Amino acid sequence: MILKGIAASPGLVIGKAYLVGDENVAVPKRKVPKEELPLEIARFEEALIKTRSEIIEIKNKIIEELGHEHGEIFDAHLLVLEDRALIEEVISYLKKDRYSVEYAFSQVLERYISAFIKIDDEYLRERLSDIQDVGRRILHNLLGGHQALLKDLRDEVVLVAYDLSPSDTASMPRDKILAFVTDIGGRTSHTAIMARSLEIPAVIGIETATKDIRNGDIIIVDGSDGLVYVNPDKDIMQRYKKSQKKRTALTRELVKIKDLPAETKDGYRIQLSANIEFPEEIASVQAHGAHGIGLYRTEYFYMNRAGLPTEDEHFEAYKKVAERMKPEMVIIRTMDLGGDKFISQLEIPREMNPFLGWRAIRFCLARPELFKIQLRAILRASVFGNLMLMYPMISGVEEIKEANKILKSCKRELEKENVNFNKDLKVGAMIEIPSAALTADVLAEEVDFFSIGTNDLIQYSMAVDRSNEKIAYLYNPAHPAVLRLIRNVINAGHQKGIWVGMCGEMAADPAMALLLVGMGLDEFSVSSISVPTVKKIIRSISLKEAQDIAKQALKLTSGDKIRTFLNDKAKEIIPELLSLKDK
Ligand code: PEP
Ligand code: MG
39 MILKGIAASP GLVIGKAYLV GDENVAVPKR KVPKEELPLE IARFEEALIK
89 TRSEIIEIKN KIIEELGHEH GEIFDAHLLV LEDRALIEEV ISYLKKDRYS
139 VEYAFSQVLE RYISAFIKID DEYLRERLSD IQDVGRRILH NLLGGHQALL
189 KDLRDEVVLV AYDLSPSDTA SMPRDKILAF VTDIGGRTSH TAIMARSLEI
239 PAVIGIETAT KDIRNGDIII VDGSDGLVYV NPDKDIMQRY KKSQKKRTAL
289 TRELVKIKDL PAETKDGYRI QLSANIEFPE EIASVQAHGA HGIGLYRTEY
339 FYMNRAGLPT EDEHFEAYKK VAERMKPEMV IIRTMDLGGD KFISQLEIPR
389 EMNPFLGWRA IRFCLARPEL FKIQLRAILR ASVFGNLMLM YPMISGVEEI
439 KEANKILKSC KRELEKENVN FNKDLKVGAM IEIPSAALTA DVLAEEVDFF
489 SIGTNDLIQY SMAVDRSNEK IAYLYNPAHP AVLRLIRNVI NAGHQKGIWV
539 GMCGEMAADP AMALLLVGMG LDEFSVSSIS VPTVKKIIRS ISLKEAQDIA
589 KQALKLTSGD KIRTFLNDKA KEIIPELLSL KDK
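Counting in the numbering used here, the sequence shown tops out at residue 621, every number present.
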């Protein structure tokens with residue numbers, strides 16, 4: 039059986055499936071005599087205390103390893119433990135029905151969960167996974183540790199779960215987890231982010247993984263193509279084993295070019311940077327040989343915490359990144375909340391079309407008092423390294439002017455306060471809306487650089503939701519419309535003397551990267567794990583060859599023709615990268 043999901047984190051793994059999250063099924067339904075009720079209540083309290091100290095332990099471990107942003111997730115878990123309503127309901131269930139506390143608890147928990155599932159609120163649904171996670175822990179402690187939790191794992195396994203919570207990820211022994219597979223979750227879910235930053239292959243959003251896979255099944259997880267094979271036959275197994283060997287050899291090969299420049303065979307230098315969500319990813323950025331950070335998605339800083347980050351908290355995070363990357367550049371993108379990324383603190387109302395709604399720069403311009411907190415912090419951090427800033431979701435020149443006006447007022451404030459900042463801080467615009475791509479010549483007058491966000495640009499130009507599996511076949515970076523928009527941005531930028539980069543996923547697609555070199559893209563910013571591949575591509579071609587490829591590709595009339603043409607070219611030029619796809 040082959041299951042298709044979202045390729046959340048690349049890599050290829052063959053292993054035994056281990057299903058998590060089915061602890062609840064084994065809760066015994068046992069009546070207890072009235073005189074034993076105080077004992078049951080005491081057991082419940084004990085389990086709550088034990089669970090609390092476990093969560094605190096995980097939280098501290100995570101803060102130590104990955105930093106405060108990740109640790110704050112567990113504050114929400116601690117809040118669930120302190121939920122008086124939940125605790126009192128369990129106790130009254132116990133007294134009324136006189137079942138064992140684990141059974142009483144599992145019943146109340148189930149009621150809670152089904153009530154939460156019905157709530158049509160993004161934030162509360164997010165809290166559901168906290169409740170499930172904590173509930174599982176409490177049950178585990180009540181049942182005396184008979185149910186296996188992740189931390190008890192002995193063998194190497196592939197985790198299969200409906201959803202994987204941050205605390206699952208945090209408490210599991212990393213050397214035992216070969217890969218993740220989940221039913222739900224999008225590209226921006228915690229599972230995906232964690233998997234990428236821990237460099238564990240993952241396929242998510244399969245929908246039926248927990249139904250179709252059983253404990254102990256042998257599964258192949260292809261995190262690069264988003265495929266999972268369940269109990270594959272000998273042929274497939276052999277093909278994948280061969281492909282796995284090739285990948286290992288290739289990774290070893292690619293590591294060798296880590297310290298070499300990203301330049302074409304004829305010496306044309308390209309800026310190769312990495313995308314990050316958390317400052318803790320810098321080690322990985324450097325280990326993969328990126329020469330800067332082309333996209334720091336700061337909105338993650340606002341997530342999984344009780345309140346909004348203060349100016350000083352922003353400042354500390356940006357200063358750390360600037361210092362550690364110095365003298366390489368770091369482009370901080372101002373927060374891009376909304377769309378598929380929500381936080382409850384900002385009270386953004388529910389919208390019919392959140393991707394087309396009150397998000398990113400639109401929200402920031404409407405709430406300048408919040409925007410200024412981030413801008414002031416970026417300015418203050420700008421003296422500690424080579425920081426630049428860029429605005430997301432720009433649709434027209436007025437937005438840039440307005441944002442720059444607010445930036446200027448922050449500069450004036452800091453001057454008055456005698457606070458140092460880089461007076462020449464470079465400011466860029468993300469080009470991810472067709473209206474911006476088509477007016478790039480106008481926008482270029484107002485900024486120092488462009489960074490093309492193809493993840494959104496493609497969804498807006500083709501009217502195809504980037505997180506919807508059902509229409510994923512339409513999501514095609516090779517479509518001539520997308521390429522013409524990109525060409526317009528690059529040409530307009532160059533005519534006005536500014537550089538043009540790309541931080542969307544398209545930049546990491548080998549065949550597309552060849553084309554983009556030829557189209558004159560100045561900067562590629564990709565996830566750390568993709569940096570070596572893109573460097574290899576750049577180093578395998580001359581600028582002239584790439585330009586010829588681009589010229590020919592842009593003459594073709596359909597996305598399919600362009601894709602086939604580019605894949606063939608890539609096979610000729612970098613056969614070792616493309617052959618991985620021929621499983
Ligand atoms: C993009 O849209 O291409 C982009 C890089 O931004 P994000 O994926 O965060 O929307
Ligand atoms: Mg975007």
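All C-beta atoms, glycine included, are put in the ideal place defined by N, C-alpha and C.
As the structure is a computational prediction, the values presented were derived from the model and not from experiment.
For residue i, the three-state DSSP class (helix, strand or coil)
i: Met431; result: coil
i: Ile295; result: coil
i: Met39; result: coil
i: Gly376; result: strand
i: Val502; result: coil
i: Ile238; result: coil
i: Lys54; result: strand
i: Gly556; result: helix
i: Ser47; result: strand
i: Arg371; result: strand
i: Asp620; result: Note that Asp620 scores a pLDDT of 41, beneath 50, so its modelled location is shaky; the value from the coordinates is reported in the next line. Three-state DSSP puts Asp620 in coil, outside helix and strand.
i: Thr220; result: strand
i: Leu521; result: helix
i: Ser262; result: coil
i: Val195; result: strand
i: Glu484; result: coil
i: Arg397; result: coil
i: Glu561; result: strand
Residue i: CB within 7 Å of a non-hydrogen atom of ligand 1
i: Thr492; result: yes
i: Gly542; result: yes
i: Arg400; result: no
i: Glu470; result: yes
i: Arg335; result: yes
i: Asp547; result: no
Same chain only: Cβ atoms within 7 Å of residue i, ignoring 5 sequence neighbours per side
i: Gly223; result: Asp201, Thr229, Ala230, Ile242, Gly243
i: Pro613; result: none
i: Glu337; result: Met373, Asp374, Leu375, Lys379
heavy atom of ligand 2 below 7 Å from residue i C-beta
i: Met158; result: In the sequence on display, residue 158 carries Asp and not Met. No - ligand 2 has no heavy atom lying nearer than 7 Å to the Cβ of Asp158.
i: Pro347; result: no
i: Pro430; result: yes
i: Asp374; result: yes
Sequence-distant residues of the same chain with beta carbon closer than 8 Å to residue i, five excluded per side
i: Ile151; result: Leu166, Ile169, Gln170, Gly173
i: Met500; result: Leu512, Tyr513, Asn514, His517, Ala519, Val520
i: Leu403; result: Phe409, Glu437, Glu440, Ala441, Ile444
Nearest neighbour of residue i, chosen from the options [CA to CA]
i: Ile94; options: Leu119, Ile79, Leu181; result: Leu119
i: Pro472; options: Phe487, Val485, Ala482, Ile432; result: Ile432
i: Ile496; options: Leu298, Leu552, Gly542, Glu483; result: Gly542
i: Val527; options: Thr492, Ala441, Glu110; result: Thr492
i: Leu180; options: Lys534, Asp271, Ile87, His517; result: Ile87
i: Lys623; options: Tyr513, Glu484, Ala474; result: For the chain, the structure presents residues 39 to 621; residue 623 sits outside this window and is missing.
i: Lys599; options: Ser566, Leu521, Arg504; result: Leu521
i: Asp221; options: Ala247, Lys214, Lys280; result: Ala247
i: Ser489; options: Asp547, Glu451, Asn442, Met426; result: Met426
i: Pro76; options: Lys133, Ser47, Tyr56, Ala114; result: Lys133
i: Lys296; options: Ser322, Arg397, Lys449; result: Ser322
i: Arg136; options: Glu84, Lys72, Ser144, Glu194; result: Lys72
i: Val555; options: Tyr306, Lys280, Arg149, Val219; result: Tyr306
i: Tyr278; options: Gly53, Glu440, Ala419, Arg335; result: Gly53
i: Ile44; options: Ala240, Leu116, Leu147; result: Ala240
i: Gln466; options: Trp396, Gly376, Val368, Ile411; result: Sequence check: residue 466 is Gly here, not Gln. Of Trp396, Gly376, Val368, Ile411, the residue nearest in Cα terms is Val368.
i: Ile416; options: Val259, Asn458, Phe401, Arg405; result: Asn458
i: Asn269; options: Lys283, Ser262, Lys284, Arg252; result: Arg252
Sequence-distant residues of the same chain with beta carbon closer than 6 Å to residue i, five excluded per side
i: Glu437; result: Ile399
i: Ile308; result: Ala300, Ile576
i: Ala208; result: Summary for Ala208: the model assigns pLDDT 49, below 50, so the residue's position carries little reliability, and this model does not support an answer.
i: Ala482; result: Ala530, Gly531, Lys534, Ile536
i: Ser138; result: Arg68, Val70
i: Val502; result: Ile509, Leu512, Tyr513
i: Arg397; result: Gly376, Gly377
i: Asp260; result: Leu50
Practice item. Quick one: which unbroken alpha helix (DSSP H) runs of 4-plus residues sit fully inside the region 416–479? Chain order, please. Key: 435–454, 472–476
Review point. Counting only runs that start and end within the region 268–319, where is the beta strand (DSSP E) found for 3 or more residues in a row?
Key: 309–314
Exercise for review: Output the residue ranges of the beta strand (DSSP E) runs that lie fully inside the region 67–108 and measure 3 residues or longer, sorted by chain position.
Suggested key: none
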